[in-house]
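Q:
The structure is reproduced here in structure tokens:
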């Protein structure tokens, strides 16, 4: 029998407060033309002015229920839920270090400062943008029937609603602060994926402005379609922790950038892709392991509560990573004769992305296989991109874009109904089927179309506004570290060239 | 008065389900002879086939007690126990990054990719093997009077038993998923230790196959003797978090490999050990600090519950690390005139290994001293191995093997009776004595004999099956990164040679 | 209306036991003159002798209330409080890795081993010193009216008081072990900050002895003035997590060292500061991200309980880091034309230090702005130090000293009254005012004077005792790695010189 699968619900308790002052963003949108290089950064100097203009107002305190009003089970659940999500949040934020190390390690040393600076700075920006407007767009009140949400500017951290929720006997009563920070870290992840795709040739300031648009508007709006109970959620779409919502959105956003930028100088000679090996495999490996443990916040944290299922999600996540690593290693050994470390790394990440949507709708065997197939896919996806003449320096689209789609649709192939740790086998007999598969494909397609269209517009406007998004040929050859930052990553070491 | 010490009990609540399908492993054992290099890896391609053959069956759901059925203290304990063990698990998994950085940093740059790839891939394998059979062998039902356990293939994550346990008022009611992942991470640790001992000369594929055997069979079987209530546990053996069970087993397994491999080219000239300095002290230091915090999962996590003793175990662990660091630094300064950073690192690790067995049976002063003595031992153990002509590139046997034994027997010297944070002094007056010392020595010896015998067999079979476990002289001189992986770790930097 | 702000109270439940044996420290203070280089280290060999002399005594067990005696809300609070603080502690300890990477990355490769060794070893020492006497000096019983505290040697981990506290219905009932480890990690942080300021020219052994004095005496004594309810606390001083108590103390202690040492050879030519770029920006970036997540233990952990405010403190901390990063990036782009990665890093750290005192007394907008101003300050502080001829190789005084003061006084400018997550705006209307500002300035001044005076004495005595604290000109030119440790950090790589 073919039945549509049930997604474990994502809970939300944080309610944003109405804020009537809307003049601020006008300031932010004021254009400042004609700057020299890095004008994107200087543009940012208007942010604090805007904040000052908006920030001077106040609310009366509203907390009435305290911790001591909770009964034993209420206190236990409230404290465990909030503690767990906070720890999950820290793990997701740590993924910034993972992305920075993987991307930097897989690029050439002459661009290391640039990619490190992008990864480091983007999280600061993403948090600011998400605090200012992103969280409201993603988790605010509906203003357009499941397609658009908004609740005023500036996230409001008042925890009184969460305590009232707990006192009413509910579970998953998260204080807004922890929900905000968890979601902001997800927004940052999407932006970080972009960084890898446009590496070694994008201008720093222009990338920064794009990241701001992505985390403030593009990501939150489409995220609300599912995680704020929007139209995709109504259709029964399943994306537990964001294979589509976070990873494929990041992948598509970066792919458009990579296509508009064109390949790096020397990447394609007579239409054939040339190897441009990364400069530091130790950093890349470290980054992969940091991402692996960061995913224990990303996926199990998306349960948005502490319960008997959190560790189960961690096991599905782990087995998918293991399956991806094994597949990519075996396949790359079969195709190239030797196990390529970058393929082990990308296999792990592919496995992790492949289970991100379905980590609550898979058996253990199904999880391992979802990851294994992801590991196979990533090896071939890298080749396909190369043959299409698209230059993805660190394999980010193959990992996050392609496996993000795979992780979304595999739920229709061998997902099981809801979170059921007692289900075994690979799930072929348990659920899924054509209706689930169609909804999953629809969702993956919707995220692709939305991101492609909005990011094409965003990259294009930024390009025409600031005079292009790509550095000069001279600067690219010399390296972006000197060109964009005036410094070197490793000045004490002699180059092999 | 001489009394035998009591070990704080390790609790188990996860019960594996019976699975009757046993045909799978036959597939895994089918030999595939005559491959070219890295045949070990290709051999792995049979794993998914085996899994598919086995995986398509299902269970009925069994959960009857839910979180909402728990009373206040039950809910508080259940949530805290499971949350804490999950966090401890993440910390232990993070140790993979620590081992990778320490081992890579202490090897030469021409072998960095190889050692990174080994560390990264081994955890993926260990988790797969432990899921498939290892957990069942370690924590299944007894089938041979305290010497062998088994409960069918494939770990079963059904959490209903844990909820029933909690509803019955017990503590330490862990969902199987978190217990599995915690134990799988321990299995991975044992394999990672081996990696350091055989570094810079072992073939990649052959090492991988050995790791699979170690984590699937050798480690789980001997682990069950103590942690599944086996014969050593019955004798009163104490090994709280695995000085013997994990660290000395990993040490012995690697030592046999190192002895069978023989020393690296150039390590001994006229019988005298030559310095072969590691290529990246920053990575090694980072790895040591990651391992340090990972140990807060390893040791306090082994309490397998959240209670008033968890932080106490963290303090004994910390003080032993501090004692080890101080001892190794002072001794290496006294013997060589200057404090050697690799000795500070190994001193810290020696201190940590030295307290791993006794972290729940020591006073604080006793812990600091156990670590201090471990730090003295490690400096001299490195010299002794050198004088025996055994090449241990990163000092792994000195740290994990020798200090693993020391950490096991010190409980007989100045351990105290059970977990008693109010005990002070170094414990000479509190407990221990000759009977405890004998049991501890017996246990350490049992793990040594078991591991030496089984690993000698395993390494030998792998060697004769695949045509040796050591790379060619040519490849070793050129570096395993080119030979085994066809890539360099740092292609942009000029070599000093 | 101008009112003095209320600080959220820091709770203490750990009570140290009286210990009458005081003979031990006499051994420690015995002078050992006339040693060769690294005599500071050999001096440490007396520590275990002293410990043995003191350690052999014992207490009777005192635990009477167990976990099972707690009601539901009591158990929930007790477990969550202790679990959260333990996790926070691990995060703060992880900051050692962050400091090691930032400081090593920002120094030259020839001094990398030295700075890594200092950072690694100092935590081992700090924990030992804090266990021996520091914790007693900081959290013991008053012996001089709010200015000096002491409770005997050796920290006592007996948890029975915490259980009794919980059984009495209180919250924040921490077992002494977790409170000790959390506080010891803070002590280590102060010492680590010093390491950056005296980098690339201080003798290893002499630095080690200074760190011992700092963590055993100087830091604990002044820390007690506020966090043990001392005279500053009585005045209403607010320093939630240690902008002054930890960061500015570490900054001042290092500044005195840097001034006594003088600048590195070649730092100033004709009075003009020369760029001496760090050797590894990847490590520095990684370190910054590790410190960022470590701060989630540092600040939210200082709530010393798990409640609805923990995540709120994490959000104020995050927004300040973001504000600092944006400010430093924009300002450094405006002043030098390009965004300097070291300035992004220092901007993040400046933002974090700037919110450390006020993270419980700020609105979100106020937090972002406090960090933003910190990010502006740090850029200019670096220039001011340069113009004063003071050589701070990694900008540690600008970050920890200057922003530590800023973070302390900003509470008087736009702090709000107590922990009120429902307060919005930047707080100008909510509280603060001249009396708060004066108390904050007084506290910042008191920590400056205390640290300057005691550290000047300590550095001077160490210098005259051991024959100077600075390495020879020859050694400095060759690098401290060879001079102090007889090894290189990266022996396989060719130098660019």
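Protein chains in written order, with our numbering: chain Z, 10 to 506; chain R, 10 to 506; chain S, 10 to 506.
Ideal placement from N, C-alpha and C gives every residue a C-beta, glycine not left out.
All values derive from a computational prediction rather than experimental measurement.
(1) Which residues of chain Z have a Cβ atom closer than 9 Å to the Cβ of residue 82 of chain R, listed in chain order?
(2) Determine the contact status of residue 359 of chain R and residue 412 of chain R, defining contact as a CB-CB distance below 8 Å.
(3) What does residue 327 of chain Z reach in chain R if we use C-beta pairs closer than 7 Å?
(4) Please return the same chain residues whose Cβ sits closer than 6 Å to the Cβ of residue 233 of chain R, not counting the five positions on each side in sequence.
(5) Could you check what DSSP says for residue 175 of chain S in three-state terms: helix, strand or coil?
(6) Considering only the beta carbon of each residue, do residue 191 of chain S and residue 310 of chain S sit closer than 8 Å?
(7) State the start and end residues of the unbroken alpha helix (DSSP H) segment that holds residue 148 of chain Z.
(8) For a test of the three-state rule: what should DSSP assign to residue 252 of chain S, helix, strand or coil?
(9) Using 8 Å for Cβ pairs, my map puts residue 213 of chain S next to residue 126 of chain S. What's the rounded Cβ distance?
(10) So which residues of chain R does residue 122 of chain S contact, with C-beta pairs closer than 8 Å?
(11) Leaving out the 5 sequence neighbours to the left and right, which residues in its chain are closer than 8 Å to residue 98 of chain Z when beta-carbon positions are compared?
(12) Determine the direct distance from the alpha carbon of residue 503 of chain S to that of residue 387 of chain S, and round the result to whole angstroms.
(13) Using 8 Å as the limit for Cβ to Cβ distance, is residue 316 of chain S near chain Z?
(14) Distance check for residue 102 of chain R and residue 324 of chain Z, CA to CA, integer angstroms please.
(15) What's the C-alpha gap between residue 355 of chain Z and residue 300 of chain S?
(16) I want to see whether chain Z comes within less than 8 Å of residue 415 of chain S, judged by CB atoms only; does it?
(17) Counting only beta-carbon atoms, is residue 276 of chain S nearer than 8 Å to chain Z?
(18) Can you check DSSP and say which residues form a bridge with residue 3 of chain S?
(19) Is residue 254 of chain Z closer than 8 Å to residue 231 of chain Z when the C-beta atoms are compared?
(20) Which one or two residues does DSSP pair with residue 281 of chain R in a beta bridge?
(21) Quick check: the Cα distance between residue 160 of chain S and residue 308 of chain S, rounded to an integer number of angstroms?
(22) Is residue 480 of chain R close to chain Z? Criterion is C-beta to C-beta, closer than 8 Å.
(23) Whole-angstrom Cβ separation of residue 365 of chain R and residue 416 of chain R, contact assumed at under 8 Å?
(24) Measure the C-alpha to C-alpha separation of residue 182 of chain R and residue 315 of chain R and round it to an integer number of angstroms.
(25) From residue 395 of chain Z to residue 207 of chain Z, what does the alpha carbon distance come to, in whole angstroms?
(26) Rounded to whole angstroms, what is the Cα-Cα separation between residue 322 of chain S and residue 217 of chain Z?
(27) Is the shortest distance between the beta-carbon of residue 298 of chain Z and the beta-carbons of chain R less than 8 Å?
(28) Can you name the start and end residues of the alpha helix (DSSP H) that residue 220 of chain Z belongs to?
(29) Within the same chain, show all residues whose beta-carbon is closer than 7 Å to that of residue 465 of chain S, passing over the 5 residues directly before and after it, in chain order.
(30) Under 8 Å between C-beta atoms, does residue 321 of chain S make it to chain Z?
(31) Would you call the CB atoms of residue 452 of chain S and residue 172 of chain S closer than 8 Å?
(32) So, residue 445 of chain R versus residue 420 of chain R, is the Cβ gap smaller than 8 Å?
(33) Which first and last residues belong to the alpha helix (DSSP H) in which residue 288 of chain S is found?
(34) Measuring CB to CB, does residue 162 of chain Z end up less than 8 Å from residue 145 of chain Z?
(35) Among Z:284, Z:447, Z:328, which residue has its Cα nearest to the Cα of residue 380 of chain Z?
(36) Nearest chain S C-beta to residue 502 of chain Z closer than 8 Å, yes or no?
A: The answer reads as follows:
(1) 81, 85, listed in chain order.
(2) Yes, the pair counts as a contact, with Cβ atoms nearer than the cut-off.
(3) In chain order: 136, 190.
(4) For residue 233 of chain R, the CB contacts under 6 Å within the same chain, skipping 5 residues up- and downstream, are 147, 158, 239 in chain order.
(5) Helix, per DSSP.
(6) Closer than 8 Å, so yes.
(7) Boundaries of the alpha helix (DSSP H) around residue 148 of chain Z: 144–148.
(8) If DSSP states are grouped into helix, strand and coil, residue 252 of chain S belongs with the helices.
(9) The beta-carbon separation of residue 213 of chain S and residue 126 of chain S, rounded to 7 Å, stays under the 8 Å limit for a contact.
(10) Correct list: 290, 350.
(11) So the qualifying residues of the chain are 187, 190, 191, 194, 306, 310.
(12) Cα-Cα distance, rounded: 34 Å.
(13) It does; some Cβ of chain Z falls within 8 Å.
(14) If you draw a straight line from the Cα of residue 324 of chain Z to the Cα of residue 102 of chain R, it is about 12 Å long.
(15) Rounded to whole angstroms, the separation of the alpha carbons of residue 300 of chain S and residue 355 of chain Z is 27 Å.
(16) Cβ-Cβ to chain Z under 8 Å: no for residue 415 of chain S.
(17) No - not a single Cβ of chain Z is within 8 Å of the one on residue 276 of chain S.
(18) Past the boundaries of the shown model lies residue 3 of chain S; chain S is included only from 10 to 506, so the question cannot be answered.
(19) Closer than 8 Å, so yes.
(20) Bridge partners of residue 281 of chain R: R:278.
(21) The C-alpha of residue 160 of chain S lies about 27 Å from the C-alpha of residue 308 of chain S.
(22) No, its Cβ sits nowhere closer than 8 Å to a Cβ of chain Z.
(23) Confirmed, about 5 Å.
(24) Each residue's Cα considered, the two are about 11 Å apart.
(25) Residue 395 of chain Z and residue 207 of chain Z have their C-alpha atoms spaced approximately 15 Å apart.
(26) For residue 322 of chain S and residue 217 of chain Z, the distance between alpha carbons rounds to 27 Å.
(27) It does; some Cβ of chain R falls within 8 Å.
(28) 213–222 is the span of the alpha helix (DSSP H), which, as asked, contains residue 220 of chain Z.
(29) The answer, listed in chain order, is 265.
(30) Chain Z places a beta carbon closer than 8 Å to that of residue 321 of chain S, counting this residue as a contact.
(31) Contact: no.
(32) Yes, the pair counts as a contact, with Cβ atoms nearer than the cut-off.
(33) Counting along the chain, residue 288 of chain S falls outside any alpha helix (DSSP H), and DSSP gives it neither H nor E.
(34) Against a cut-off of 8 Å, the Cβ pair of residue 145 of chain Z and residue 162 of chain Z comes out as a contact.
(35) When only C-alpha atoms are compared, the closest one is Z:328.
(36) Residue-level contact by beta carbon holds for residue 502 of chain Z and chain S, with a gap shorter than 8 Å.
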